[in-house]
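Okay, structure first, notes after.
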Amino acid sequence: MVKEEAKEPVKFELKNPVSATSGAVQCREDVVWVKVKQDFLGKGPPIVRTNEVGVECHYIRKHNVTSNALKPTWVPFASTKVAEQQLVFSLMLMTFSSLSDDWQFERPSSIYFLGHVMSIEASIIQAHHTTLHVYVDSCVATLAPEMASKPRYSFIENHGCLTDARQTGSKSHFLQQIQDDKLQFQLEAFRFHQDERSSMYITCHLRARSASASIDSEHEACSFTTEANRFVYGD
1 MVKEEAKEPV
11 KFELKNPVSA
21 TSGAVQCRED
31 VVWVKVKQDF
41 LGKGPPIVRT
51 NEVGVECHYI
61 RKHNVTSNAL
71 KPTWVPFAST
81 KVAEQQLVFS
91 LMLMTFSSLS
101 DDWQFERPSS
111 IYFLGHVMSI
121 EASIIQAHHT
131 TLHVYVDSCV
141 ATLAPEMASK
151 PRYSFIENHG
161 CLTDARQTGS
171 KSHFLQQIQD
181 DKLQFQLEAF
191 RFHQDERSSM
201 YITCHLRARS
211 ASASIDSEHE
221 ACSFTTEANR
231 FVYGD
């Protein structure tokens, strides 16, 4: 019977890491400085690419950090582009006084008597657009909600010419435009001939373009003046 020789225990000592004396690390807020001696590893060979030494910097946390998803406070670019493409037009009956020239408020009532003047304001909410100029391309009055119904009276046509004064001799006209995003005009109240209905519908087609663009035949705001017997721009 052969007895196995007793093996001597392997001498192994677990050593705690000690601070390196051949190098130094400075951890700053925006940069890490590493400085080493030429014999960094204490082996006499120069440092080559196969030598790897880990360096860690630990910082005190100044802000709350969690694993929850962050909600950005900015509006995504794609959403912004969609919003920019949506133009919000408005057409309102406004209060007006010849003494104060007041166009600040929406008129609480839509009731007018013959001889009264309807003060109407077209406007546009521009959002993130460059400055836009609003135009009233056309307007018709009807007795039914459908603008193609009959009888119908077209009083703004030809891309922005208010023709009521030429057809009826009234003093209907555009006011001089002071703000690019608002256009105001006044229309004398009227009724359809031989029709006793007391209500009517006004439908207008509004347009907008860059305020820097010049006026052309498709973007106008002209009124007919009975004194000069011609169309003029503004008032």
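Numbering-wise, UniProt numbering puts 19 at position 19 of the sequence shown, and it's gapless, one number per residue. Backbone N, C-alpha and C define an ideal beta-carbon position, used for all residues, glycine too.
- Separation of the CB atoms of residue 172 and residue 184 is rounded to 12 Å, and the pair is thereby denied contact status at 8 Å.
- Within the model, the alpha-carbon separation for residue 208 versus residue 220 is close to 11 Å.
- By the neighbour-count criterion, in which a residue is buried when 16 or more other Cβ atoms sit within 10 angstroms of its Cβ, residue 97 is exposed.
- The three-state secondary structure of residue 102, taken from DSSP, is coil.
- In the DSSP annotation of this structure, the continuous segment of the beta strand (DSSP E) that includes residue 137 starts and ends at 132 to 142.
- By the CB criterion at 8 Å, residue 120 and residue 91 fall inside the cutoff.
- Residue state for residue 107 is assigned as coil, using DSSP reduced to three classes.
- Straight across, the Cα-Cα distance linking residue 166 with residue 110 is about 25 Å.
- Close CB contacts of residue 24 within its chain, under the 6 Å cut and outside five residues either way in sequence, are with 35 (chain order).
- DSSP lists no bridge partner for residue 87.
- A residue is called buried once 16 or more other Cβ atoms fall within 10 Å of its Cβ, and residue 195, having fewer, is exposed.
- Around the beta-carbon of residue 136, 16 or more other beta-carbon atoms lie within 10 Å, marking it buried.
- If you ignore the 5 residues before and after residue 201, its C-beta comes within less than 6 Å of the C-beta of 142, 145, all in its own chain and listed in chain order.
- Distances from the CA of residue 169 to each of 45, 89, 225, 192 were compared; the closest alpha carbon is that of 225.
- Under the DSSP assignment, residue 213 falls outside any alpha helix (DSSP H); it carries neither an H nor an E label.
- Secondary structure of residue 166 (DSSP, three-state): helix.
- Secondary structure of residue 206 (DSSP, three-state): strand.
- The C-alpha of residue 151 lies about 8 Å from the C-alpha of residue 192.
- The bridge partners DSSP lists for residue 121 are 92, 184.
- Residue pairing from DSSP places residue 24 in a beta bridge opposite 35.
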